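Have a look at the structure below before the remarks.
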Amino acid sequence: MILHGYFRSGTSYRTRIALNLKGLSYETRGIDLRTGAQKSDAYLALNPQGMVPALETPEGVLVQSPAILEWLEERHPRPPLLPDTAMDRATVRAMAAVIGCDIHPLNNLRVLKALRSQFEADQATVDAWAGRWITPGFEALETLVGRNGAGWSFGDTPGLVDCYLIPQIYSARRFNVPLEAFPRLLAIEAAAADHSAFIAAHPDRQPDAD
């Protein structure tokens, strides 16, 4: 498999974590979002939306990280990213959606570029914008992890929610969002810092990292 992504992209980061948790081999190809490489003809042939990631598989090209992670779970079910029961799987998907639907889309690169170019936002304003969406989402997740977690976001093994959470914490730190109010989330971050799948997926360890 070939993963086309950007080292600092949260969606690429979560996909790397999932691939690593599954123990799957893949090649990484960097798409530099800062230079517009995602809009090249070659990349648009893979992903007409011109966004990352795109995963080339023996069965075809997949885009949109939620779909990629669900495909990985179906095609490579062990070790699982989702729990056994329908109710628990729905809970996990809802927790992941707090980040995937309600936090991350408002803080991705194209939104931040628009803030800077169309509204003349400086870095402090961009940081405040990011925190405006990250903080309430993390408040909800702190409660949900308290209900469902046992060392990780859901239960005692890393899974789908953690694939979303760790990149979002990384992003929160980049935007100087205070995190002291989220001890459960920080404990998961500490656990991930000692886990090989998360270590290998970290942006600083990617071949296209600055």
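Throughout, my numbering is defined as the position within the sequence shown, counted from one, plus 104. Yeah, the Cβ is synthetic: ideal placement off N, Cα and C, and Gly gets one too. Being a predicted model, the structure only gives us computed values, none of them experimental.
Quiz prompt | Nonlocal neighbours in the same chain, by C-beta distance under 6 angstroms from I273, ignoring five residues either side | solution = Excluding the 5 residues flanking it on each side, I273 has same chain C-beta neighbours closer than 6 angstroms at E293, in chain order.
Self-check item: Which of helix, strand or coil DSSP assigns to G204
Solution: Here G204 sits in helix by DSSP.
Exercise. Spell out the partners DSSP gives V281 in its beta bridges.
Key: Answer is none; V281 lacks a bridge partner.
Exercise. Evaluate contact between the segment 147 to 154 and the segment 120 to 131, counting only Cβ atoms and requiring at least three cross-stretch pairs below 8 angstroms.
Key: The segment 147 to 154 is not in contact with the segment 120 to 131.
Practice problem: Determine the burial state of R251: buried for a count of at least 16 other Cβ atoms within 10 Å of its Cβ, exposed for fewer. | Solution: An exposed status is given to R251, since fewer than 16 other beta-carbon atoms sit within 10 Å of its beta-carbon.
Quiz item: Considering only residues of the same chain and omitting the five flanking positions on each side of L216, which have a CB-CB separation below 7 angstroms?
Solution: Around L216: V230.
Quiz item: Quick one: is the Cβ of A296 within less than 7 angstroms of any heavy atom of the ligand SAM?
Solution: Looking for the ligand SAM in the displayed structure turns up nothing, as the structure carries no ligands at all.
Self-check item: Alpha-carbon spacing of G259 relative to A285, whole angstroms
Solution: Between the alpha carbons of G259 and A285 lies a distance of about 21 angstroms.
Quiz item: Three or more beta-carbon pairs under 8 angstroms between the segment 174 to 186 and the segment 262 to 280, yes or no?
Solution: In this structure the segment 174 to 186 lies against the segment 262 to 280, because at least three pairs of beta carbons, one per stretch, are closer than 8 angstroms.
Practice problem: Measure how close the beta-carbons of A244 and V196 come, nearest whole angstrom, since I'm counting them as under 8 angstroms. | Solution: 14 angstroms between Cβ atoms; not a contact.
Quiz item: What did DSSP end up calling L137 once you bin it into helix, strand or coil?
Solution: Reduced to three states, the DSSP call for L137 is helix.
Exercise. Could you tell me the distance, in whole angstroms, from the CA atom of F223 to the CA atom of G255?
Key: Roughly 42 angstroms between the two C-alpha positions.
Practice problem: Round the Cβ separation of Q168 and V156 to the nearest angstrom and send it over; I've been treating them as touching at under 8 angstroms. | Solution: With a Cβ gap of about 10 angstroms, Q168 and V156 do not count as contacting.
Practice problem: For the alpha helix (DSSP H) containing V230, list its first residue and its last residue. | Solution: Here the alpha helix (DSSP H) through V230 covers 227 to 252.
Self-check item: For A158, the residue or residues it bridges with in DSSP
Solution: According to DSSP, A158 bridges with H108, V167.
Quiz item: Excluding the five sequence neighbours on either side, which residues of its own chain have a C-beta within less than 7 angstroms of the C-beta of Y130, listed in chain order?
Solution: Same-chain partners within the cutoff: M105, I106, L107, L123.
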